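Below: the structure, in structure tokens.
In the working numbering, the protein residues as written are 1 to 181.
As structure tokens, then:
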């Protein structure tokens, strides 16, 4: 498990703890979260949350970083992660924010910090993210965080007994440096 702790003006991105299980279970047991993510089941049980936290805590893959997103008072509001493909010097990011915290800019703030971490600490050349094409809020988060729309993969995901198109956004190091430094 990684030990990184990232901060923003309003948020902390930190390692998971077993004490996070209850908050994760409550936030993820929401159809609006499950339907817009690739891997969160519905309903989402305490056992699902325990299994998730244990897998993250036990993970020793140096190319994967997963963070609990919390407010400064340690209230867990969501999750984010980045997975590097070392050979290609790129990484995919993912995130979700619990519905009570939607519309306040938390996802954008967390993604911006994760992108900075990816370029500065992970020495990446490219960062990208995918979203279900009808999830315009997620695309908007990506664009506000600096990623540009790159294209649509038709019927790319199979979930809930149907196919979904996937939109992809990304940014390369030189564009990030020019724009944000």
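Backbone N, C-alpha and C fix where the C-beta goes; we use that ideal spot for every residue, glycine too. These figures come from a predicted structure and were not determined experimentally.
**Q.** Exposure label - residue 167; buried when at least 16 CB within 10 Å
**A.** buried
Q.
Please give me, in chain order, every unbroken run of the beta strand (DSSP E) with length at least 3 that falls completely inside the region 63-124.
A. 64-71, 76-85 and 90-97
Q. Does the beta-carbon distance from residue 117 to residue 27 come in below 7 angstroms?
A. no
Q: Compute every distance between the C-beta of residue 123 and the non-hydrogen atoms of the ligand HEM, then say whether any falls below 6 angstroms.
A: With respect to small molecules bound, the structure shown includes none, and the ligand HEM cannot be examined in it.
Q.
Distance check for residue 149 and residue 141, CA to CA, integer angstroms please.
A. 11 angstroms
Q. Is residue 30 helix, strand or coil by DSSP?
A. coil
Q: On a CA-only basis, which of 94, 107, 159 and 52 is nearest residue 35? Give me that one, please.
A: 159
Q) Does DSSP put residue 158 in a helix, a strand or coil? A) strand
**Q.** Own chain, CB closer than 6 angstroms to residue 130, minus 5 neighbours either side, in chain order
**A.** 166 and 168
Q) What did DSSP end up calling residue 14 once you bin it into helix, strand or coil? A) strand
Q.
Please classify residue 96 as buried or exposed, where buried requires at least 16 neighbouring CB atoms within 10 angstroms.
A. buried
(Q) With the cut-off set at 7 angstroms, would you say residue 99 and residue 32 are in Cβ contact? (A) yes
**Q.** DSSP beta-bridge partners of residue 152
**A.** 167
Q.
Need the endpoints of the alpha helix (DSSP H) that residue 187 sits in, please.
A. Nothing about residue 187 can be reported from this structure: the residues present for the chain run from 1 to 181 only.
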